[in-house]
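Numbering (our numbering), first residue to last: 1 to 806.
Glycine included, C-beta positions come from ideal geometry on N, C-alpha and C.
So the structure is just underneath, and the comments pick up after that.
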RNA sequence: GCGAGCGUGGCGGAAUGGCAGACGCGAUAGACUUAGGAUCUAUUGUCCUUGGCGUGCAGGUUCAAGUCCUGUCGCUCGCACCA
């Protein structure tokens, strides 16, 4: 069989017959199967893409054959830095390179032979898509969920852009691997922290990998504690007090100093003239350090005295105010109370800087080394003495509440989502700045704010759009006077945070999506993609869905009911595929040689789907061989009239149907293929043993081809047709296991004596435990193995094993 | 440091607490063949082979542990002074 030829043939037939077109009105419960949309990079599809799209497609095809009305769309996440970086390097405009890449990629995706319904395709960089991304921004803005603030942000010197915390990997830019530095800039943010509690609460009910759920929980990082307000000894200008967040208010009596982050807004004003030089030098040094350097655990706990004192609200003690870089401006209030005896970091700082160490918690188990960071019993704490930490920390906060010097508070580690990018190739932020009216959102009727084609995107620290007069110069929608347009673009994660809503109604020019359609088609029933998006795309999508739900656009508030992560296909050398390593396995040559179905089968068979693993050339050859074995059998019997009545392999056939039907929905492709191989082995044995019925073999093969069709679509379609199938195999119902064929007269039991396997005996199938025990003890083999010993106890596991204890 | 996950033949990997190693690769032998890197058949965890030992290591629970529990070592990923 010429695989390339039959694959082309069937793809053409499928496309022409509309067999892959989603029909809302078709019968069956809807099933929205979605793979994370691809980024159109210049490189060709590699085996990793296939692993994601090909195998998820097999799942989708299986669901369709099992009566579900499957919707499987595809589109392109087309904005982003790589295209712009490529443009800077080569001068090819991002739109041109992206269009070209999409053309290639779409061709390759079509060659895969998936049942994707291409009529719902979109690309996020097209105006008819990003118009609605801008609309989404406006909805968040109107509802107070998008705001601007000046904040220390991660800045990538190479990309010349701000990137989100979530996109910093090992202190380096996720995309270009350049060391990230910190910089103060005015940025747009989405108030995802407002949704921290909802995002956290929704996690448990999701059918997602446990690992991913835990990662999101940790990322949100809820901690229950309280706020403590330290009044300054004397107010400095408008500043009267310093608020700190703590989870250990029970240690408040042990506070010997207070620390501000070097970036804390109070620092400049608070510092006394005598300390000014030292503090300014320290702040400057801290700003030069990357977050990685600052947060290194091995680093000394340095700090500088501000010259000011504040008052511990619980006991009136006067304590010094320091600045130290171990205190982070982005967490809590940007200030901490120093409890040298009961916090590891504070202890190290106190030792280094000669602070007083005051013990206020005693261990309950005699563990008395300092720092003592566990819970215990309060001492040296006035009226709280003798209280347990857990009670004490609430009691102390409640006491502070009375004088408005604190109270219980929940804090989250997660920070707001920074969405501004000083880049060209993204959706423009639909905002206008007017001297008279201030910050004005672009009216919805004026959308889209179109990204101009002709701009200079050479990086020079300024947004490329800021350099385009035609773009920035505009009139204020309110007063009509000249105004300036926002020149930053949106993080591409904004584009991909809502795309799953667009697919069902992808060409709607009246709205981002039709409410009714979306409520019918969503949530996504099965979402397949990489685990690396746990705390980015997957979190953002949940956030946006919850926002749109709360604004009344959606009936549901979780976008992805079920989530499956595919593993990573590594290079043959066991390392992650990368251009620099030169170990990328491109799909095209493999398809050329073995065909797309063989590639799919090997990706299914060779790996645990969620684990992935190193590529092996031998593996794909073995799958091609397996297909040849089936093809040869089909060639022998294709002209027979199928006859099911012989029944010689009915057990093996139904076992195979049963197991494959169980495995595919669980993405257990490797075992599903193994069961098919077993059936083929059984067929060969049946044939080679002589006296076989070709008509019966044809019946078995016809069934096998249907069972296998989702896994090797072109191949099985061809065999189905060769054996006389008139319609597409994918319109056939999936074979059902006939349980009655799995009933056998006898079962072989393993017999253990004192839990060691001694012999095997054959008993009738379905006997009761008591009868099995009785029959076993009467069995001559068992009697001789027992050698006269008296059984004390007999344990029977039905249809499996008998353990005789003597 | 914290959190999560994973350690099974020469290799990829199977095993609702119930016969460890399914299925495949590789290897060995045979058949067919002018030929074989095709195909078919058989064998293939290991050893001192009437049997013993084997799922990183050490314990524990159980009639029974790759699976559950405790500890430990190693690897991978995530977070990284989280107050």
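With a threshold of 6 Å on Cβ separation, who are the neighbours of residue i within its own chain once the five nearest residues in sequence on each side are excluded?
i: residue 31; result: 63, 68, 70 and 525
i: residue 738; result: 654
i: residue 463; result: 422, 487 and 488
i: residue 266; result: 239
i: residue 411; result: 223, 245 and 332
i: residue 723; result: 638 and 702
i: residue 568; result: 612
Bridge partners of residue i, per DSSP?
i: residue 32; result: 71
i: residue 473; result: 484
i: residue 793; result: 805
i: residue 753; result: 756 and 804
i: residue 811; result: With the chain running from 1 to 806 in the structure shown, residue 811 is simply not present.
i: residue 123; result: 76
i: residue 190; result: 146 and 417
i: residue 747; result: 763
i: residue 305; result: 322
i: residue 257; result: 338
Indicate whether residue i and residue j have their beta-carbon atoms separated by less than 8 Å.
i: residue 753; j: residue 795; result: no
i: residue 505; j: residue 494; result: no
i: residue 260; j: residue 321; result: yes
i: residue 683; j: residue 705; result: no
i: residue 310; j: residue 361; result: no
i: residue 3; j: residue 597; result: yes
i: residue 657; j: residue 707; result: yes
i: residue 115; j: residue 40; result: no
i: residue 490; j: residue 133; result: yes
i: residue 324; j: residue 306; result: no
i: residue 199; j: residue 711; result: no
i: residue 633; j: residue 131; result: no
i: residue 139; j: residue 186; result: no
i: residue 435; j: residue 135; result: no
i: residue 749; j: residue 806; result: no
i: residue 620; j: residue 680; result: no
i: residue 610; j: residue 537; result: no
What is the rounded straight-line gap between the Cα of residue i and the Cα of residue j?
i: residue 647; j: residue 693; result: 10 Å
i: residue 381; j: residue 183; result: 42 Å
i: residue 615; j: residue 572; result: 5 Å
i: residue 485; j: residue 419; result: 17 Å
i: residue 576; j: residue 430; result: 39 Å
i: residue 66; j: residue 330; result: 51 Å
i: residue 334; j: residue 327; result: 7 Å
i: residue 16; j: residue 714; result: 15 Å
i: residue 237; j: residue 415; result: 30 Å
i: residue 72; j: residue 520; result: 15 Å
i: residue 659; j: residue 154; result: 51 Å
i: residue 427; j: residue 613; result: 37 Å
i: residue 586; j: residue 532; result: 22 Å
i: residue 751; j: residue 782; result: 8 Å
i: residue 726; j: residue 13; result: 13 Å
i: residue 22; j: residue 117; result: 6 Å
i: residue 126; j: residue 535; result: 27 Å
i: residue 767; j: residue 779; result: 15 Å
i: residue 269; j: residue 284; result: 16 Å
Beta-carbon within less than 8 Å of residue i's beta-carbon, same chain only, minus the 5 sequence neighbours each way: which residues are those?
i: residue 388; result: 375, 376, 377 and 378
i: residue 765; result: 743, 744, 745, 746, 747 and 799
i: residue 86; result: 42, 92, 94 and 97
i: residue 522; result: 32, 500, 501, 504, 554, 556 and 559
i: residue 541; result: 496, 497, 498, 500, 559 and 560
Go through its chain and collect everything with a Cβ distance to residue i's Cβ below 7 Å, but skip five positions before and after it.
i: residue 458; result: 88
i: residue 203; result: 213, 216 and 217
i: residue 637; result: 694, 697, 698 and 701
i: residue 470; result: 452
Is residue i near the ligand MN, judged by its Cβ being under 7 Å from some heavy atom?
i: residue 618; result: This structure lacks the ligand MN; in fact it carries no ligand of any kind.
Next on the checklist: Using 8 Å as the cut-off, can you tell me whether the segment 346-360 makes contact with the segment 226-237, which would need three or more C-beta pairs spanning the two stretches below that distance?
Outcome noted: no
Checklist entry - Counting Cβ pairs closer than 8 Å, one from the segment 247-254 and one from the segment 340-347, do we hit at least three? => result Enough Cβ pairs lie closer than 8 Å, so yes.
Next on the checklist: Across the segment 670-690 and the segment 724-740, are there enough close Cβ pairs to call them in contact, namely three or more that are closer than 8 Å?
Outcome noted: Three or more beta-carbon pairs separated by less than 8 Å are not found between the segment 670-690 and the segment 724-740, which leaves the two stretches without contact.
Checklist entry - Is there contact between the segment 277-285 and the segment 188-204, where contact requires at least three CB pairs shorter than 8 Å? => result no
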